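Shown next, in structure tokens, is the structure this report addresses.
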Amino acid sequence: QSIDDLIASIRPNEIYNLAAQSHFAVSFKTPEYTHQINALGPLKILQSIVANGLNETCRFYQASSSEMFGKVFETPQTETTPFYPRSPYGISKVSAYWTTINYREAFNIFACNGIMFNHESPRRGEKFVSRKITLSLAKILSGQQEKIFLGNLNAYRDWGFAKDYVEAMWLILQQPKPDDFVLSSGQQHSIRDFVHEAFELCGFNIAWRGSGTDEVGFDKNTDRTLVEVNPSFFRPSEVDTLIGDSGKANNILNWHSKTPFKELVYLMVEADLKESGLDPKKFLKLCMVDR
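The working numbering puts the first residue of the sequence shown at 7, with every later residue one more than the last.
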């Protein structure tokens, strides 16, 4: 009822729905809650738009996810790639995706999906692997932590900077007609790559030895173990590789992911060093990125 009351009182011109239970692993522990937020939430918003007679005046953006592709049918993934979600989170996002299209077609709402690949920033939640890596690095440097424990080091993702993706969201709702777009960097890196980039920025020379659950990452300069694999962080059903093709967004929106992977990692490491009470100038190798 509160959603309907808000929309009735504000009568917005644009709604950007980013609300979600967005953690893959948590969705297996709380599947019903995940669906209530991720699938029923957008439905309630769209139904409220209809109920308040805002079909012609209110534009709606749904934050869809690359996790909908899951066990991918093709690489890279585009707007026409079939979905094969591998988690309750991915399934809930597929439901919201089709709900958005259904209300667009049935009620003539300017409703759009942005299928966003991983978009990171210093504000990323600490449970997500990108932020877990940069925050753990800062804690290692400040003496608060000895090492970092991770799951699948060989999962590949398409990582971009959240600020760039927010620009794309806005552009999608400024178009003359509603449509759906893949938003991605078009570049792919493994979790292992993310670890390497982050730790190298602070002077560590990471190398790897062992295999499977016995693999460790260590600093070649000191032989200190900094990364270990913990099977408890493995996903119940893994999504091994995701990489998007944003050609449609490039052509229609004139949008490109601007922030390179190295700079994204730099920004996150810099922020977490500050968060941990450290002076980034003492630790970061500024030559690593073009500042």
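From the three backbone atoms N, C-alpha and C, an ideal C-beta is built for every residue, glycine too. These numbers come from a predicted model, not from an experiment.
Self-check item: phenylalanine 123 versus arginine 163 - alpha carbon distance
Solution: 8 Å
Quiz item: Exposed or buried, glycine 218, counting other C-beta atoms within 10 Å across all chains shown (16 or more means buried)?
Solution: exposed
Quiz prompt | Option in Pro48, Asp199, Trp176, Arg17 with minimal Cα separation from serine 98 | solution = Pro48
Quiz prompt | Given phenylalanine 66 as reference, the closest of Glu206, Glu132, Asn108 once Cα atoms are compared | solution = Asn108
Practice problem: Take the Cβ of arginine 297 as the centre, count every other Cβ of all protein chains shown within 10 Å, and call the residue buried at 16 or more, exposed below. | Solution: Because arginine 297 sits at a pLDDT of 40, beneath the cut-off of 50, its placement in the model cannot be relied upon, and the point is left open.
Practice problem: Indicate the three-state DSSP secondary structure (helix, strand or coil) for glutamine 248 in the structure shown. | Solution: For the record, residue 248 in the displayed sequence is leucine; it is not glutamine. If DSSP states are grouped into helix, strand and coil, leucine 248 belongs with coil.
Quiz prompt | Given 8 Å, three or more beta-carbon pairs between the stretch 74–89 and the stretch 135–147 | solution = no
Self-check item: Integer-rounded CB distance, given that glycine 250 should sit under 8 Å from serine 148
Solution: Contact flag wrong, Cβ pair sits at about 36 Å.
Exercise. Report yes if the CB atom of lysine 153 is closer than 8 Å to the CB atom of glutamate 234, and no otherwise.
Key: yes
Quiz item: Going by beta carbon distance, what residues of the same chain come within less than 6 Å of isoleucine 212, once the five residues before and after it are set aside?
Solution: His202, Phe205, Gly223
Quiz item: Under a CB-based cut-off of 8 Å, is glutamate 203 close to chain B?
Solution: As a matter of chain content, chain B is missing from the structure shown, which is built from one protein chain.
Exercise. Compute the beta-carbon to beta-carbon distance between aspartate 170 and serine 243, rounded to the nearest angstrom, for a pair I have assumed lies under 8 Å.
Key: Not quite, the Cβ-Cβ distance comes to about 30 Å (not below 8 Å), so this is no contact.
Quiz item: For the beta strand (DSSP E) that contains glutamate 20, what are its first and last residues?
Solution: 20–23
Quiz item: Residue ranges of each beta strand (DSSP E) run of no fewer than 3 residues wholly in the stretch 192–255, ordered along the chain?
Solution: 212–215, 222–225, 230–235
Quiz item: Measuring CB to CB, does serine 115 end up less than 8 Å from lysine 50?
Solution: Note that residue 115 corresponds to isoleucine in the displayed sequence, not to serine. No, these two residues do not count as a Cβ contact at 8 Å.
Quiz item: What distance in whole Å lies between the Cβ atoms of threonine 106 and glutamine 68, which are believed to be in contact at a cut-off of 8 Å?
Solution: 4 Å
Quiz item: In this structure, does DSSP put glycine 157 in helix, strand or coil?
Solution: coil
Quiz item: Would DSSP call aspartate 10 helix, strand or coil?
Solution: helix
Quiz item: What is the DSSP secondary structure of glycine 76, counted as helix, strand or coil?
Solution: coil
Quiz item: In the DSSP assignment, what residue or residues form a beta bridge with alanine 69?
Solution: Gly120
Quiz prompt | Whole-Å CB distance - serine 33 paired with serine 70, under 8 Å assumed | solution = With 8 Å as the limit, serine 33 and serine 70 do not qualify as a contact, their Cβ atoms being about 15 Å apart.
Self-check item: Strand pairing of valine 188, partner residues [DSSP]
Solution: Ile121
Quiz item: Taking the alpha-carbon positions, what's the asparagine 236 to phenylalanine 113 distance?
Solution: 49 Å
Quiz item: Between the C-alpha atoms of proline 128 and alanine 14, what's the straight-line distance to the nearest angstrom?
Solution: 34 Å
Quiz item: Count the other CB atoms within 10 Å of the CB of alanine 25; is the residue buried (16 or more) or exposed (fewer)?
Solution: exposed
Quiz item: Going by DSSP, which residues form a beta bridge with glutamate 126?
Solution: Phe167
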